[in-house]
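Reading through the structure tokens given below for one structure.
Numbering (my numbering), first residue to last: 51 to 459.
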């Protein structure tokens, strides 16, 4: 799908959802190429999960609506073969049983999957904004009938986008009813599906369709024949959650070594009244929170809104010149500098630390607009301020986090 058409489709989707407050569905938001690519990446993700060996993390398997343990070990012993589709592999594993597999945190297994999903949803973020809790991805697959865990709603602030990959259809049911919307999150799940269906709204989904479900709305899906769906969580955190997240980042940062800073005096243990002004400096706290929040948001922006930084690949070194590099407009390189001696570039949520160079802004601007830069031109801009090895290291760090593409000439 071309960018203009995709943008218009997302605009309609956003309007139909009444700015992400009402359930809605839309057809053909994915292209055939998207579906083919994502299915292959999901197969790659399954293999990487099995390679990792932590089979108890991030996966749930249901057979005949019962949660099963030990199935991941069986998956590891019968991995998908190279020419086998996910559907064929599942049929080999589960036979004629009704099964469902839920797999979380897909972004931690494939930079390529994350990049494609970010390209697909970029018009949404342009229209609705970037959620401060970030984006995260999971997938459902199987022929499980109704969702095994019943009629449910997501955690508060977690808006859900389901992208249906097919091959078979899926029916989605929602209860956008005030009585149900008022029920506190994570307190009640309904299993009387047949009784409640008459009061639901049904959304038939076919391959390439998408469904939006606001966090307050109860819902369930029905998948009678094998299909795959990717779900994106669009997470708006509470102020309390965000403050705790930022406080944790401050706590984990290195202490500033300043010889001019003295030590605090002991506290008088005979009095209950504390002199807060002598213990804490409100201005210092505010400065630290602002710096940490700015860095957090810059990291999200550099990663197209995805909370988890990209995977740092243990790739081989940069090839011998001549070669060219291109940036990825979906993942802008953003400078966030607190240290006057070094420059911190946020690249797909990761910190890339380099020595200062007055030409860096020029290079980053070119990369962020998708321009091709030859290694020869890179050297001319960055040397003599940097050594040749610094230029190689700069390229290597960006390549390892998937922020640039290297083309051999």
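Built from N, CA and C at the ideal position, the CB exists for glycine as well. Note that this is a predicted model, so its numbers are computed, not measured.
At the C-beta level, residue 399 and residue 358 come within 9 Å of one another. One Cα belongs to residue 361, the other to residue 377, and the distance between them is close to 17 Å. In this structure residue 129 is exposed. Its beta-carbon is surrounded by fewer than 16 other beta-carbon atoms within 10 angstroms.
Residue 456 has 375 as its beta-bridge partners, per DSSP.
Taking C-beta atoms as the reference points, residue 396 and residue 384 count as a pair closer than 9 Å. Residue burial annotation: residue 324 is exposed, with fewer than 16 other C-beta atoms found within 10 angstroms of its C-beta.
The beta carbons of residue 264 and residue 67 sit closer together than 9 Å.
By a beta-carbon distance limit of 8 Å, residue 381 contacts residue 352. Their separation comes to about 6 Å.
Shortest Cα-Cα distance from residue 375 to any of 413, 153 and 239 involves 413. In this structure residue 262 is not in contact with residue 166, their Cβ atoms being roughly 19 Å apart against a cut-off of 8 Å. Taking the Cα of residue 195 as reference, the smallest distance to any Cα among 244, 273 and 221 is reached at 273.
With contacts defined as CB atoms closer than 9 Å, residue 215 and residue 85 qualify as a contacting pair. Setting aside the 5 residues that flank it on each side, residue 162 is surrounded in the same chain by 91, each with a C-beta closer than 7 Å to its C-beta; the list follows chain order. Membership of residue 174 in the alpha helix (DSSP H) is indicated by the continuous run 161-178.
Proximity of the stretch 327-338 to the stretch 166-186 falls short of the contact definition, fewer than three beta-carbon pairs being nearer than 8 Å.
Contact between residue 288 and residue 355 is ruled out by a C-beta separation of about 18 Å, above the 8 Å threshold.
Taking a C-beta distance under 9 Å as the contact criterion, residue 183 and residue 285 qualify as a contact pair. When the Cα atoms are used, residue 277 and residue 155 turn out to be separated by approximately 19 Å. Taking the Cα of residue 164 as reference, the smallest distance to any Cα among 401, 452, 456 and 459 is reached at 452. With contacts defined as CB atoms closer than 9 Å, residue 248 and residue 56 fail to qualify as a contacting pair. In this structure, residue 253 and residue 222 form a Cβ contact; the two beta carbons are roughly 4 Å apart against a cut-off of 8 Å. By the neighbour-count definition (other C-beta atoms within 10 Å, threshold 16), residue 436 is a buried residue. If you compare the alpha carbons of 64, 99, 59 and 227 with that of residue 179, the shortest gap goes to 64.
Boundaries of the alpha helix (DSSP H) around residue 348: 332-352. The three-state reading of DSSP puts residue 220 in strand, counting E and B together. Of the other Cβ atoms in all chains shown, fewer than 16 fall within 10 Å of the Cβ of residue 372; this residue is therefore exposed.
CA-to-CA, the gap between residue 256 and residue 393 works out to about 48 Å. Taken through DSSP and simplified to helix, strand or coil, residue 225 comes out as strand. Within its own chain, the residues whose Cβ lies closer than 6 Å to the Cβ of residue 147, once the five positions on either side in sequence are excluded, are 113, listed in chain order. DSSP, reduced to helix, strand and coil, places residue 106 outside both helices and strands of the structure shown, so it counts as coil.
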